[in-house]
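Participant: Got a structure for you, questions after.
Residue numbers (UniProt numbering): 1 to 264.
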């Protein structure tokens, strides 16, 4: 099942089958879970004039490769901003929650352009796309990732963090215009910034993930994006980090911040 087919099922059904190929260990990749909830939010609001402003995702529990139920409630629909909550249910329990705000453009005298500028990367054609390691999560095969700075996960690096190019794998995804649901699916594919410091294979998982949507997407699934992550702090089994995503024209698309549970 393609992502487009999955989105269609979400639009017309309360219960949805999760497609194969998205496992992250024994559970479903969190980016896919977030993307499913985002598409449910967009379909429920059903107003293309209201674009995503920001969203917060809490991964309450592990999602298995089994049917899930998506419920959505518009908490408030004002003149400019709509706030919506989406819940993903499995085994009669809430496993993930998305809280998102959508808004229409408003007149304002305030304009600030201080967003972080895109880093200078070598052409992606000169880099090696990361090969899928047999012990790496299955879901990594859905994306092409090319490291520019920093080390690969589990290489005992003395420092965290990395940057690189990313896109949907053209062999697994037909090209089409990218949506905000696709944005959530893709942006969470990079591992947490502390993973290069791991000395051996061990898990890490997102606990909360907040995304601010800056400039509207003008990209397709096969277009490349620049990604860079920075870890603020890590101790006592948790880490906090933020990441920026730019399109191939160096336009800032999104800023993400997450809390990560660390098992190493």
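No residue lacks a Cβ here, since even glycine has one placed at the ideal position from N, Cα and C.
1) Counting along the chain, where does the alpha helix (DSSP H) carrying residue 5 start and finish?
2) Pick from 178, 171 and 189: whose alpha carbon is nearest that of residue 147?
3) Just to confirm, are residue 149 and residue 129 a CB contact at a threshold of 8 Å?
4) Would DSSP call residue 61 helix, strand or coil?
5) Would you check if the distance between the CB atom of residue 211 and the CB atom of residue 204 is smaller than 8 Å?
6) For a test of the three-state rule: what should DSSP assign to residue 263, helix, strand or coil?
7) By DSSP, does residue 164 sit in helix, in strand, or in coil?
8) Just to confirm, are residue 259 and residue 227 a CB contact at a threshold of 8 Å?
9) Looking at residue 225: is its Cβ nearer than 8 Å to the Cβ of residue 245?
10) Between residue 43 and residue 176, what straight-line distance do the alpha-carbon atoms span, to the nearest angstrom?
11) So if DSSP puts residue 87 in a beta bridge, which residue, or which two residues, is it bridged to?
12) Return helix, strand or coil for residue 143, following the three-state DSSP convention.
Facilitator: This is what the structure gives:
1) Indexing the chain shown from 1 puts residue 5 at position 5. Where residue 5 is concerned, the enclosing alpha helix (DSSP H) starts and stops at 3-12.
2) Within the chain shown, the letter at position 147 stands for residue 147. Per the Cα distances, 189.
3) Translated into positions along the chain shown, residue 149 becomes position 149. Translated into positions along the chain shown, residue 129 becomes position 129. No, these two residues do not count as a Cβ contact at 8 Å.
4) In the chain shown, counting from the first residue as 1, residue 61 sits at position 61. Coil.
5) On the chain shown, residue 211 is found 211 positions in, with the first residue counted as 1. On the chain shown, residue 204 is found 204 positions in, with the first residue counted as 1. No; because the gap between Cβ atoms is not below 8 Å, this pair is not in contact.
6) Counting from 1 along the chain shown, the entry for residue 263 is found at position 263. Three-state DSSP puts residue 263 in coil, outside helix and strand.
7) Numbered from 1 along the chain shown, position 164 holds the residue referred to as residue 164. Here residue 164 sits in strand by DSSP.
8) Counted from its first residue, the chain shown places residue 259 at position 259. Counted from its first residue, the chain shown places residue 227 at position 227. Contact: no.
9) Translated into positions along the chain shown, residue 225 becomes position 225. Translated into positions along the chain shown, residue 245 becomes position 245. Yes, they are a contact pair.
10) Position 43 of the chain shown, counting from 1, holds the residue named residue 43. Position 176 of the chain shown, counting from 1, holds the residue named residue 176. Near 18 Å, if we compare the C-alpha coordinates of residue 176 and residue 43.
11) The count along the chain shown starts at 1 and reaches residue 87 at position 87. As DSSP reads the structure, residue 87 sits in a beta bridge with 71 and 97.
12) Residue mapping note: residue 143 aligns to position 143 of the chain shown, counting from 1. In the structure shown, residue 143 sits in a strand (DSSP, three-state: E or B).
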